[in-house]
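Visitor:
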Amino acid sequence: MNVILFGAPGAGKGTQSSLMIERLGMKQISTGDLFRAAIKNQTDLGKKAQEYMDKGQLVPDSIVIGMVEEVLKGETKEFILDGFPRTVAQAQALDELLRKLGLSVGKAIFLEVPMEILMDRLTGRRVCKSCGAVYHVTSKPPKMAGVCDLCGGEVYQRNDDKAEVIGTRLKTYEEFTSPLKSFYKDAGKYVEVDGDRATESVYKDIERIVL
10 MNVILFGAPG AGKGTQSSLM IERLGMKQIS TGDLFRAAIK NQTDLGKKAQ
60 EYMDKGQLVP DSIVIGMVEE VLKGETKEFI LDGFPRTVAQ AQALDELLRK
110 LGLSVGKAIF LEVPMEILMD RLTGRRVCKS CGAVYHVTSK PPKMAGVCDL
160 CGGEVYQRND DKAEVIGTRL KTYEEFTSPL KSFYKDAGKY VEVDGDRATE
210 SVYKDIERIV L
């Protein structure tokens with residue numbers, strides 16, 4: 010089953026996607042990763058995306074949908090869409106794109122996490138510049154400060170995880186993304202999972218939905 014995994018920034022989408030890839034053999038399609046790769050390579054698209062991401066704003070639909078289409082073309086594995094769609098307009102465009110490609114999404118899984126928990130997760134989050142491994146300054150720090158346990162790369166705080174940007178990110182999320190709940194409820198695909206629990210407990214709920 011192809012699924013959409015959505016929720017506010019910091020809800021744990023990336024963590025759960027990684028487990029689904031490892032244990033269920035699914036492919037993750039993360040717009041965040043696509044953007045960061047484009048930014049790292051300094052492509053024209055990456056430069057445009059960075060301007061929006063650094064301000065905590067949503068990247069325009071035309072940029073996002075084009076990137077997703079390129080990744081989905083010829084895809085044979087079951088996939089997880091992580092971080093897309095973020096708006097009802099994107100969801101409608103995605104439905105049209107999937108029909109064109111002969112694909113479909115079975116469930117839209119929403120990770121529900123209280124706002125104060127999201128703030129703590131995001132302000133404390135640190136990421137490896139080289140491999141993308143995720144840490145947290147209090148709950149999951151690297152063994153050596155600033156150095157990735159897995160590859161030895163530099164561990165840093167993303168610009169969009171800084172306190173002055175997070176408020177904008179969460180406000181933007183509430184304004185544009187929350188209506189997705191109604192969209193997928195109407196489509197009979199919406200499922201809500203409590204994301205404010207141990208990682209393994211959250212995963213088990215998701216696994217039951219997908220399988």
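Numbering (the numbering used here), first residue to last: 10 to 220. Ideal Cβ placement from N, Cα and C applies to all residues, glycine included. Bear in mind that the values here come from a model prediction, so they are computed numbers and not experimental data.
1) For Pro123, I'd like the list of residues in its chain whose CB is within less than 8 Å of its CB, leaving aside the five on either flank, ordered along the chain.
2) Helix or strand or just coil, what does DSSP make of Gln37?
3) For the structure I just gave you, are there three or more beta carbon pairs, one from the segment 40-55 and one from the segment 69-83, closer than 8 Å?
4) Pairing CB atoms from the segment 86-102 with CB atoms from the segment 52-62, are three or more of them under 8 Å?
5) At what residues does the alpha helix (DSSP H) containing Val97 begin and finish?
6) Drop a sphere of 10 angstroms on the beta-carbon of Ile218, count the other beta-carbons inside from all chains shown, and report buried for 16 or more, exposed for fewer.
7) Does DSSP put Ala117 in a helix, a strand or coil?
8) Would you call the CB atoms of Val12 and Gly115 closer than 8 Å?
9) Report buried or exposed for Ser139, applying the criterion of at least 16 other Cβ atoms within 10 angstroms of its Cβ.
10) So Val80 is in the beta strand (DSSP E); what residue range does that whole segment cover?
11) Quick one: what's Glu163 bridged to in DSSP?
12) Using CA atoms only, rank isn't needed, just tell me which of Arg130, Ile38 and Lys22 is closest to Glu79.
13) Could you pull the start and end residues of the alpha helix (DSSP H) that Arg206 belongs to?
14) Are there 16 or more other CB atoms within 10 angstroms of the CB of Gln101, so buried, or fewer, so exposed?
15) Which residue wins for smallest C-alpha separation from Ser148, given the options Asn50, Lys190, Asp53 and Arg135?
16) Which of the three DSSP states, helix, strand or coil, is assigned to Lys86?
17) According to DSSP, is Phe93 helix, strand or coil?
Guide: Based on what the coordinates show:
1) Residue numbering aside, residue 123 sits at position 114 when the sequence shown is read from its first letter. Cβ neighbours of Pro123 beyond the five flanking positions: Asp205.
2) Translated into the one-based positions of the sequence shown, residue 37 becomes position 28. It is a strand residue.
3) yes
4) no
5) As a first step, residue 97 is located in the sequence shown; it is residue number 88 there, counting from the start. Segment Val97 to Leu110, the alpha helix (DSSP H) holding Val97.
6) In the sequence shown, the residue the question calls residue 218 occupies position 209. Result: exposed.
7) Against the sequence shown, residue 117 aligns to sequence position 108. Of the three classes helix, strand and coil, the one that applies to Ala117 here is strand, per DSSP.
8) Looking up residue 12 in the sequence shown gives position 3. Looking up residue 115 in the sequence shown gives position 106. Taking 8 Å as the Cβ cut-off, Val12 and Gly115 qualify as a contacting pair.
9) Indexing the sequence shown from 1 puts residue 139 at position 130. So Ser139 counts as exposed.
10) Within the sequence shown, the letter at position 71 stands for residue 80. Not the beta strand (DSSP E): Val80 falls in the alpha helix (DSSP H), residues Asp70 to Leu81.
11) Taking the sequence shown and counting its residues from 1, the one referred to as residue 163 is at position 154. Paired residues: Val156.
12) Locating residue 79 in the sequence shown gives position 70, counting from the first residue. For Glu79, the nearest C-alpha among the options comes from Ile38.
13) Within the sequence shown, numbered from 1, the residue matching residue 206 stands at position 197. That residue, Arg206, is in no alpha helix (DSSP H); it is neither H nor E in DSSP.
14) Along the sequence shown, read from residue 1 onward, the residue named residue 101 stands at position 92. By the 10 Å Cβ count, Gln101 comes out exposed.
15) In the sequence shown, the residue the question calls residue 148 occupies position 139. Out of Asn50, Lys190, Asp53 and Arg135, Arg135 has the C-alpha closest to the C-alpha of Ser148.
16) Reading the sequence shown from its first residue, position 77 is the one you call residue 86. Looking at Lys86 - three-state DSSP - the assignment turns out to be coil, as it is neither helix nor strand.
17) Here residue 93 corresponds to residue number 84 of the sequence shown, with the count starting at 1. The answer is coil: DSSP assigns Phe93 none of H, G, I, E or B.
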